[in-house]
Amino acid sequence: MEENEKVSMVVAIYKSEKFLDKLITSIINQTYKNIEIILVDDGSPDDSGKICDEYAKKDVRIKVIHEENSGACAARNNGMKIATGDWLVIIDGDDWLELDYVEYMLHLVHETNSEMGMSTEIFTTRDRNQTKEDKIECWTSEYAAAQIILPYIAIGPWNKIYKTEMLRKNNLTFSRPWSGEGLYFSSFAAQYANHVGVGHRKVYNYRLNNTNSGLTHYNLKMGTNAAENIRYIKENLVIKTPLLINACNWHIWKNYNFILFLIIATDSKKENIGLYKDCLKNNRSLFISANLKADLKLKTKIKNLIIGLFPVWYAKRTLKNQRKALKKDLME
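Numbered continuously in this note's numbering, the sequence shown closes out at residue 598.
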């Protein structure tokens, strides 16, 4: 592949010193060399900023921004502002990449002449098995956005590549509050794109064992902000079709169960009894319409039926399984 196009790689970093060597090494050693690496130190209280500066001394492609702690959304936005690449990728500060990540992502968009590309699959610290078969597909903007919202594709902004011009033309930034901001960004990017190049090979490594992340350090605000964001997405859809509207309605139903899970995980039922009851009420009242109309796979429908019938039991079971999995997840 000719390297005449530059790819900007924006990484928001906070309390990531434990993981930065692995992450930055995986970026600077990419098989595709024409990259711009923008490391945004979001006021991290550990040595993350110093580590970034040390790597910047070794590689001229690295730019480091130091700022007061304002959250991942602001950090990503500030990194995107100075990006000069033809293409943009977003990376979380505790994850890492396969060495052909950029090369593969560019292959997806070039092969399909798309303004956005993504893989349907990712490695995690608990799943190290590569996809057995890969094929490149071209999805419509509508279908790609629906698969992200449902979500059959990881909703985060990472594991995807975006045409920088397309993002700037549509003023798309991380303008929604954490969490759910990644769902907003990636689903709107898909809608704005001419179409989306899709592959199935795993080239992004997603960390599930960072005790500082929202995945392990539960916060009820994650759920309430996410609920606000999915409603915003529905109200402002670029492509207003039954497929996307029904996908949003299903995600709204799903989010009530996510909030219920977080109330149980944070042992805060007493303080949030009104919200707790509201989640149970909406789990029942929205269940049929949300699950019958959305374009769901049979396996998902069966799981949702269990959630609809036994929401509290399912939330407690999920919490137990997550804690058990975290104890076993020792990958560095």
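A virtual CB, placed ideally from N, CA and C, is assigned to each residue, including glycine. Predicted model, so just to flag it, every value in this text is computed and none were measured.
- Message: I need the DSSP call for threonine 350, collapsed to helix, strand or coil.
- Response: Here threonine 350 sits in coil by DSSP.
- For histidine 332, does the three-state DSSP call read helix, strand or coil? Residue state for histidine 332 is assigned as strand, using DSSP reduced to three classes.
- Proximity winner among Ala531, Lys520 and Cys339, relative to tyrosine 450 (alpha-carbon distances): It is Cys339 whose Cα lies nearest to the Cα of tyrosine 450.
- Task: Pull up the distance between the alpha-carbon of leucine 541 and that of tyrosine 280, whole angstroms please.
- Result: Distance from the CA atom of leucine 541 to the CA atom of tyrosine 280, rounded to whole angstroms, is 31 Å.
- Would you tell me roughly how many angstroms separate the C-alpha atoms of glutamate 387 and glutamate 381, rounded to the nearest one? If you take the alpha carbons of glutamate 387 and glutamate 381, they lie about 19 Å apart.
- Message: For tryptophan 362, which residues in the same chain have their Cβ closer than 7 Å to its Cβ, ignoring the five residues on either side in sequence?
- Response: Contacts found: Lys288, Leu289, Ser292 and Asn471.
- Task: Assuming tyrosine 520 contacts isoleucine 511 (C-beta within less than 8 Å), just tell me the rounded distance between them.
- Result: The amino acid occupying residue 520 in the given sequence is lysine; tyrosine does not appear at that position. Not confirmed; about 15 Å, so no contact.
- Message: Quick check on tryptophan 579: buried or exposed, where buried means 16 or more other Cβ atoms within 10 Å of its Cβ?
- Response: Flag for tryptophan 579 reads exposed.
- Would you please state the rounded distance, in angstroms, between the beta carbons of threonine 406 and aspartate 352? I believe it to be under 8 Å. The pair is not a contact, with the Cβ atoms about 23 Å apart (cut-off 8 Å).
- Assigned secondary structure, threonine 406 (DSSP; H/G/I helix, E/B strand, else coil): Residue state, collapsed to three classes: coil.
- Item | Residue from Lys586, Glu399 and Asn491 with nearest C-alpha to proline 443 | Nearest C-alpha to proline 443: Asn491.
- What's the gap between the Cα of leucine 486 and the Cα of arginine 394? Leucine 486 and arginine 394 have their C-alpha atoms some 30 Å from each other.
- Query: Near leucine 365, which residues of its chain fall below 8 Å by C-beta distance, leaving aside the five closest residues on each side in sequence?
  - Reply: For leucine 365, where only same-chain residues beyond five positions count, the Cβ hits under 8 Å are Ser292, Asn295, Gln296 and Thr297.
- Message: Suppose contacts are defined by Cβ-Cβ distances below 8 Å. Is isoleucine 402 in contact with glycine 446 by that definition?
- Response: Contact flag unset, no.
- Does the beta-carbon of phenylalanine 285 have 16 or more other beta-carbons within 10 angstroms, so that it is buried, or is it exposed? Counting Cβ neighbours within 10 Å, phenylalanine 285 comes out buried, since at least 16 surround it.
- Leaving out five residues on either side along the sequence, give the residues of the same chain with a beta carbon under 8 Å from the beta carbon of histidine 483. Apart from the 5 residues on each side of it in sequence, histidine 483 sits with its Cβ closer than 8 Å to the Cβ of Thr477 in its chain, given in chain order.
- Message: Starting from asparagine 587, trace the beta strand (DSSP E) in both directions and tell me its first and last residue.
- Response: Careful: asparagine 587 lies outside any beta strand (DSSP E), inside the alpha helix (DSSP H) at 577-594.
- Message: Between the alpha carbons of alanine 243 and threonine 507, how many angstroms are there, rounded?
- Response: Shown here, the chain extends from 267 to 598; a query on residue 243 therefore has no answer.
- To the nearest angstrom, how far is it from the Cα of glutamate 408 to the Cα of leucine 564? The straight-line gap from Cα to Cα measures roughly 21 Å.
- Query: Does the Cβ of valine 273 have 16 or more other Cβ atoms within 10 Å, making it buried, or fewer, making it exposed?
  - Reply: With 16 or more other CB atoms across the displayed protein chains lying within 10 angstroms of its CB, valine 273 is buried.
- Message: So within the segment 343-390, which uninterrupted alpha helix (DSSP H) runs reach at least 4 residues, ignoring any that extend past its ends?
- Response: 367-378, all fully within the segment 343-390.
- Coil, strand or helix - aspartate 319 by DSSP: Under the three-state reduction of DSSP output, aspartate 319 falls in the helix class.
- Query: In terms of alpha-carbon separation, which member of Gly448, Asn557 and Gly489 lies closest to alanine 343?
  - Reply: The residue you asked about is not alanine; residue 343 is asparagine in the sequence shown. Of the candidates Gly448, Asn557 and Gly489, Gly448 places its Cα closest to the Cα of asparagine 343.
- State the DSSP-derived secondary structure class of glycine 446, mapped to helix, strand or coil. The DSSP-derived three-state label of glycine 446 is coil.
- Task: Go ahead and label arginine 583 buried or exposed: buried means 16 or more other beta carbons lie within 10 angstroms of its beta carbon, across all protein chains shown.
- Result: Exposed, because fewer than 16 other Cβ atoms sit within 10 Å of the Cβ of arginine 583.
- How many Å lie between leucine 438 and alanine 455 at the Cα? Between leucine 438 and alanine 455, the C-alpha separation is close to 7 Å.
- Message: Quick check: the Cα distance between histidine 517 and phenylalanine 553, rounded to an integer number of angstroms?
- Response: Each residue's Cα considered, the two are about 11 Å apart.
- Item | DSSP state of alanine 560 mapped onto helix, strand, coil | Residue state, collapsed to three classes: coil.
- Query: Can aspartate 595 and threonine 391 be called in contact, C-beta distance under 8 Å?
  - Reply: Using a Cβ distance threshold of 8 Å, aspartate 595 and threonine 391 count as a contacting pair.
- Task: Within its chain, find whatever has a CB closer than 6 Å to the CB of aspartate 358; leave out the 5 residues flanking it on each side and keep chain order.
- Result: Within the same chain, aspartate 358 has close Cβ partners Trp424.
- The alpha helix (DSSP H) enclosing lysine 543, as first and last residue numbers: Annotation for lysine 543: the continuous alpha helix (DSSP H) segment containing it runs 539-551.
- Check each candidate in Leu546, Asn515, Tyr498 and Met275 and name the one with the smallest Cα separation from glutamate 369. Among Leu546, Asn515, Tyr498 and Met275, the Cα nearest to that of glutamate 369 belongs to Met275.
- Just the C-alpha distance for methionine 597 and arginine 550, rounded to the nearest angstrom, thanks. Distance between the alpha carbons of methionine 597 and arginine 550 is about 39 Å.
- Message: Can you give me the C-alpha to C-alpha distance between methionine 432 and asparagine 460, rounded to a whole angstrom?
- Response: Looking at the backbone, the Cα of methionine 432 and that of asparagine 460 are separated by about 9 Å.
- Message: Helix, strand or coil, according to DSSP, for isoleucine 293 in the structure here?
- Response: Note: isoleucine 293 maps to helix in three-state DSSP.
- Is arginine 589 buried or exposed, if buried means 16 or more other CB atoms sit within 10 Å of its CB? Arginine 589 is exposed by the Cβ-count criterion.
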